[in-house]
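Following: one structure in structure tokens, then a few remarks.
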Amino acid sequence: MNKSLLTFLLATSTTLMTGCSAVQISDTTSQSEANIAEWVNQTILASEGIALNSEDIRYLTGSADLNQDGLTEHFVLMQDRYFCGSGGCSAFIFDHSGKVLAQLSVTKPPIVLADSFNNGWQDFIVWSNGAYRLMSFNGESYPTNPSLEPSYDLASEQQIALSYVMSTELYQQDGYDLTPSEPNKIWAPAKQYRFTFKHYGDPDVVYHAQVDLTSGNVDINTSPVSKN
Numbered sequence: 001m002n003k004s005l006l007t008f009l010l011a012t013s014t015t016l017m018t019g020c021s022a023v024q025i026s027d028t029t030s031q032s033e034a035n036i037a038e039w040v041n042q043t044i045l046a047s048e049g050i051a052l053n054s055e056d057i058r059y060l061t062g063s064a065d066l067n068q069d070g071l072t073e074h075f076v077l078m079q080d081r082y083f084c085g086s087g088g089c090s091a092f093i094f095d096h097s098g099k100v101l102a103q104l105s106v107t108k109p110p111i112v113l114a115d116s117f118n119n120g121w122q123d124f125i126v127w128s129n130g131a132y133r134l135m136s137f138n139g140e141s142y143p144t145n146p147s148l149e150p151s152y153d154l155a156s157e158q159q160i161a162l163s164y165v166m167s168t169e170l171y172q173q174d175g176y177d178l179t180p181s182e183p184n185k186i187w188a189p190a191k192q193y194r195f196t197f198k199h200y201g202d203p204d205v206v207y208h209a210q211v212d213l214t215s216g217n218v219d220i221n222t223s224p225v226s227k228n
């Protein structure tokens, strides 16, 4: 499977945090981000003799209510050499109070939610060992080594989402260069795909298409072409 063609599955708001920004909380930093920074500092880094305020530690975060109890779980994917190797990086799932629910190894983006559940918890998909892997809750935790989990084929959904955009009147009227959007969200919603394309009739803007395969909706908006 071509990973580069499928990485659009992530949407557009993952938080990339570093040591300094995570500890020195600004007025615009959410309480959730502040809590996550504290959990990373106390739970992940302390055992390694590392502190966020003394090291430039980077990590990605995403949040979702995995067990539908009204409380949010949080995914932390480390992005630092202390926690990463050639196969991927360490990841942690925290509950709303900061308790570690699962620790994963050899994990890489994209990381997206699936539309299936096991033992009352939502499945999600990660990239590991050259394939997408389906991560399912076993009643106690999520798997620790994604590379050993079943591969998951997203190619068919990709093609369906692609065809939805291509079938829109706007794209058929001179649209071209349909490509996946850059991924940058952890635990993006299931069945949602994003693309960009250009249009010969409006060369000064880029079109952004979001496809929701659950509803069949295709939402398209524009942004000005970046001029370097």
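The opening residue of the sequence shown carries number 1 in UniProt numbering; numbering runs sequentially from there. Ideal placement from N, C-alpha and C gives every residue a C-beta, glycine not left out.
Tell me the residue span of the alpha helix (DSSP H) that contains residue i.
i	result
Ile125	Here Ile125 belongs to no alpha helix (DSSP H); instead the beta strand (DSSP E) covers 121 to 128.
Rounded C-beta distance between residue i and residue j? I'm assuming under 8 Å.
i	j	result
Phe75	Ala91	7 Å
Alpha carbon to alpha carbon, what distance is there between residue j and residue i?
i	j	result
Ile220	Glu169	11 Å
Asp196	Thr214	The displayed chain sequence assigns Thr, not Asp, to residue 196. Cα to Cα, the separation comes out at about 20 Å.
Gly49	Lys185	29 Å
Gly175	Tyr200	6 Å
Ser151	Gln173	38 Å
Gln42	Ile36	10 Å
Glu38	Asp123	26 Å
Val205	Phe137	43 Å
Leu45	Phe83	10 Å
Pro224	Arg194	17 Å
Gln158	Ser97	36 Å
Val100	Gly130	27 Å
Phe94	Asn67	13 Å
Leu178	Lys198	7 Å
Val40	Asp202	46 Å
Asn119	Pro143	13 Å
Give the secondary structure of residue i by DSSP, where H, G and I count as helix, E and B as strand, and everything else as coil.
i	result
Val100	strand
Ala37	helix
residue 310	The structure shown does not extend to residue 310, since the chain spans only 1 to 228, so no value can be given for it.
Gln68	coil
Leu134	strand
Gln173	coil
Tyr207	strand
Ile44	helix
Pro189	coil
Leu148	helix
Leu162	helix
Ser181	coil
Ser167	coil
Ser32	helix
Lys227	coil
Residues in its own chain within less than 7 Å of residue i by CB, not counting five upstream and five downstream?
i	result
Tyr164	Val211, Val218
Leu113	Ala64, Gln122, Phe124, Trp187, Ala188, Pro189, Ala190
For residue i, which residues of its own chain have a beta-carbon under 6 Å away from its beta-carbon, when the five flanking residues on both sides are left out?
i	result
residue 287	In this structure the chain extends from 1 to 228, so residue 287 is not present and cannot be described.
Tyr132	Ile125, Tyr152, Leu154
His208	Thr196, Asn221
Lys227	none
Starting from the C-beta of residue i, find all residues in its chain whose C-beta is less than 8 Å away, skip the five residues before and the five after it, and write them out in chain order.
i	result
Ser156	none
Ser32	Ser63, Thr72, His74
By the DSSP assignment, the beta strand (DSSP E) with residue i in it spans what residues?
i	result
Lys198	192 to 199
Ile57	Per DSSP, Ile57 belongs to no beta strand (DSSP E) and is neither H nor E.
Pro224	217 to 224
Leu77	73 to 78
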